[in-house]
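Number of protein chains: 2
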Amino acid sequence: MSKKKITSMDVAKLAGVSQSTVSRVFGSGANVSEKKRNQILEAAELLGYQPNAIARGLITNKTNMIGIVMRNIQNPFYPEVLEKFYTRLAEKGYHLIFMNSEHNFVQEDEISHLIEYHVDGVIITDALLSSSAVQRFLKNDIAIILFNRYIENPDYSAVFCDNFYAGQEIGNYLVKTGHKHFAFISGPLETSTTIDRKKGFEQALAKHGYFDIAVEIGNYSYESGFEAAKKLLQSNKIVDSIFCGNDITALGAIDAAKSLGYNIPEDLSVIGFDDINMASWPSYSLTTWKQPIEDMVNQTIDLLLHEMDEEEKSVSSHALPGELIIRGSVRQRE
Amino acid sequence: MSKKKITSMDVAKLAGVSQSTVSRVFGSGANVSEKKRNQILEAAELLGYQPNAIARGLITNKTNMIGIVMRNIQNPFYPEVLEKFYTRLAEKGYHLIFMNSEHNFVQEDEISHLIEYHVDGVIITDALLSSSAVQRFLKNDIAIILFNRYIENPDYSAVFCDNFYAGQEIGNYLVKTGHKHFAFISGPLETSTTIDRKKGFEQALAKHGYFDIAVEIGNYSYESGFEAAKKLLQSNKIVDSIFCGNDITALGAIDAAKSLGYNIPEDLSVIGFDDINMASWPSYSLTTWKQPIEDMVNQTIDLLLHEMDEEEKSVSSHALPGELIIRGSVRQRE
DNA sequence: TTGAAAGCGTTACCAC
DNA sequence: GTGGTAACGCTTTCAA
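Protein chains in written order, with the numbering used here: chain A, 1 to 334; chain B, 1001 to 1334.
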């Protein structure tokens, strides 16, 4: 019925002022008398006027929209990340265009959509950008930031957990608690997260004289953890501890071990990564490495907003430490 | 550096045609000769031209953006829902503005943002709209649809699992499998989902002569399931089976029971709702009611798109059945 | 402090 | 088929 949309012009007419003045009230707010402001606000209220962000974006060249492309949203770590990004950005007046990518590299058409909508910035979680993709974003003046991944010599910033350090600490902890036969269930080998966790882990163990680490390649899913652990435990190798690339994988590994008659942690220690909610559930009580989500998200947003403001880009990589959360899935030295 | 954005005008100049013709190529596609089309496409490719969706939206009055406001994104059911919505809508050329609401009623400022951006439609999962909110959307010609909730006498459509039917079937199943002492751990009592599941459950049990159902009120979280089950099992009531309002709650209940020395399902049967991935994990092997996510999402999208097209709204409520998934958390009659 | 007018990058409606 | 031109609803000069 009332198909006609309410515009600033309608408000102007009703309030008996010019459209420019209405615009000032809802925009800068400056240079308008208290009296007219009130008339305008009243008229706007009466008509149910809302400024049109689309029209505004067209002229200001700023949409206040941020694209977020996520992968593995089924991994409980990411909904939490998404929620935090949403909340923080909403506070600052930004809106999220959500995209779910299924590939290690964000696809060209996904990038096209983000560019078409002229988002002010893009957050990429757990995926990478081809160099042509980066060029396309940069050429369109769209700030980019990588969350939980990084690359060498990037043209853009990245925020991630210091996976190498974490891997080391985990290795040290397992040695300290008396383990001698180690295994690692990785995520996909092309991801920097996996590579660094593995490197740190192996390096720490090597320092203690352990060079023979059993490695199984997974994909960060429960199922892959389950299968990998099964394979590991049914081989003729001795394994007294498994470091899993993430928590979901670790939960799979624990279930596999239990199904083979192992007691956790008496017969086998398992350690995860992320510290998702489930890690603290009694059925699992998973010892794990806590990624500092809060800090990571805040830092990402700070960098992104800064980059959106600045004229010249300042590229920087930020590795946040995180911390070991000790629960019940790792046997303490007897 | 190349701060200047490429517009259809630039393409037109390079291709030696008018801007109108460029617009036709990227728009309707009609009324342009093969020759010019190729020139234009070539020029666009060369310049890296992308049509500006913001400008387009301004004139067409259609943004191809859909707002999705979700609650409880930490419940693993919803990331799956989000992923499916994203995928289906992306196929059809729609983009998602993601919002996370923490309230049972979507807040006024959240609605304002959606209206400012002139989304074509809005999907609300697991939350409700005040009647003033509905009026605001409708007045702005924004289609609305409720996912997994419904209200009586609505002004808009809703898609949800037939919770009453499911509750009945679950009641019947527990009776059939030889249970006699029933409990229900609910979600918040103001949600239609909870009310209907409870009603169906109680009605089915009543038909078999069971009237004394122990009820604990939870909030659909793991923790609330844990606490509620503990309370239930430590009371002096006999309980041989618990129907939990959702899977997460059921997992909490199982862990609580185990921590008290109960074996599942020998000493206690537990049944959930949703059929999230975790329900099939060996540690839990949860018997549950599967919500037909795929169908629900598809139906929601069909209704939404239809409503966006139509002049007059056609309100309808769609209850989809779902099905019982039998695993190992319910004792079979001995 | 205010209003008129020029865009922003499209689509849509005209003539030709 | 094609190009000129008027919107779309706003912000932003620029004069007054």
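We treat Cβ as the ideally placed atom computed from N, Cα and C, and that holds for glycine.
What does Gly-16(A) touch in chain B if you count any residue whose Cβ is under 8 Å from its own? Here the premise fails: no neighbours, minimum Cβ distance about 24 Å.
Whole-number beta carbon distance between Gly-252(A) and Tyr-222(A), since they are thought to touch under 8 Å: 4 Å
Using a Cβ-Cβ cutoff of 8 Å, what residues of the stretch 16 to 32 of chain A are near chain B? List them in chain order. none
Span separating the alpha-carbon of Lys-231(A) from that of Arg-1024(B): 59 Å
Does the beta carbon of Asn-1246(B) come closer than 8 Å to any beta carbon on chain A? no
Where Phe-1147(B) falls: helix, strand or coil (DSSP): strand
Any Cβ of chain B within less than 8 Å of the Cβ of Glu-80(A)? yes
Between Asp-196(A) and the rest of its own chain, which residues show a CB-CB distance below 6 Å, the 5 nearest in sequence each way excluded? Asn-163 and Phe-164
Identify, in the order they occur along the chain, each residue of the same chain with its Cβ nearer than 8 Å to the Cβ of Gly-93(A), setting aside the five sequence neighbours on each side. Asn-64
Under the three-state reduction of DSSP, which class applies to His-318(A): helix, strand or coil? strand
Against chain B, which members of the stretch 106 to 126 of chain A pass a CB distance test of less than 7 Å? Ser-112, His-113, Ile-115, Glu-116, Tyr-117 and His-118
Tell me which residues of the stretch 81 to 103 of chain A have at least one Cβ-Cβ distance to chain B shorter than 8 Å, keeping chain order. Leu-82, Glu-83, Tyr-86, Thr-87, Ala-90, His-95, Leu-96, Ile-97, Phe-98, Met-99 and Asn-100
How about Tyr-1222(B): is its C-beta nearer than 8 Å to some C-beta of chain A? yes
I need the boundaries of the alpha helix (DSSP H) containing Lys-1341(B), first residue and last residue. Any question about residue 1341(B) goes unanswered here, given that chain B covers just 1001 to 1334.
Taking the C-alpha atoms as reference points, what is the distance between Asn-1172(B) and Ser-1192(B)? 21 Å
So, is the C-beta of Gly-48(A) closer than 8 Å to a C-beta in chain B? yes
By DSSP's criteria, Met-1070(B) is part of a beta bridge. Which residues make up the other side? Asn-1100(B)
When the distance is taken between beta carbons, is Val-1297(B) closer than 8 Å to Lys-1062(B)? no
From the DSSP output, in three-state form, read off Thr-1007(B) for me. coil
Quick one: what's got a C-beta closer than 7 Å to Gln-1074(B)'s C-beta in the same chain, skipping five residues either side? none
Let me see if you follow: with CB-CB separation under 8 Å, is Asp-1255(B) close to chain A or not? yes
What beta strand (DSSP E) runs, 3 residues minimum, are completely inside the stretch 265 to 309 of chain A? 269 to 274 and 287 to 290
Hey, how far is the Cα of Met-1(A) from the Cα of Asp-295(A)? Low local confidence applies: a pLDDT of 38 at Met-1(A) is under 50, so the model's placement there is unreliable, and no value is given.
Every unbroken beta strand (DSSP E) inside the stretch 177 to 219 of chain A [3 residues or more]: 182 to 186 and 214 to 217
Report buried or exposed for Arg-1333(B), applying the criterion of at least 16 other Cβ atoms within 10 angstroms of its Cβ. exposed
Quick one: does Trp-281(A) have its CB under 8 Å from some CB of chain B? yes
Along the chain, where does the alpha helix (DSSP H) containing Leu-1046(B) start, and where does it finish? 1034 to 1047
The alpha helix (DSSP H) spanning Val-1330(B) covers which residue range? Where Val-1330(B) is concerned, there is no enclosing alpha helix (DSSP H), given that its DSSP letter is neither H nor E.
Write down the C-beta distance between Leu-58(A) and Leu-1058(B) rounded to the nearest angstrom, noting that I regard them as a contact closer than 8 Å. 6 Å
From Tyr-210(A) to Arg-149(A), what does the alpha carbon distance come to, in whole angstroms? 28 Å
Check the DSSP bridge columns for His-1113(B) and list the partner residues they point to. Beta-bridge pairing links His-1113(B) to no other residue.
Alpha-carbon to alpha-carbon, Gly-67(A) and Tyr-117(A): 9 Å
Identify whether Gly-1167(B) lies in helix, strand or coil by the three-state DSSP scheme. helix
Residue closest to Asn-1038(B), alpha-carbon to alpha-carbon, out of Val-1017(B), Ile-1326(B), Phe-1160(B) and Arg-1056(B): Val-1017(B)
Tell me, to the nearest whole angstrom, how far the beta carbon of Phe-1184(B) is from that of Phe-1273(B); I am working on the premise that it is less than 8 Å. That belief does not hold up - the Cβ atoms of Phe-1184(B) and Phe-1273(B) are roughly 11 Å apart, past 8 Å.
Any beta-carbon of chain B closer than 8 Å to the one on Ile-54(A)? yes
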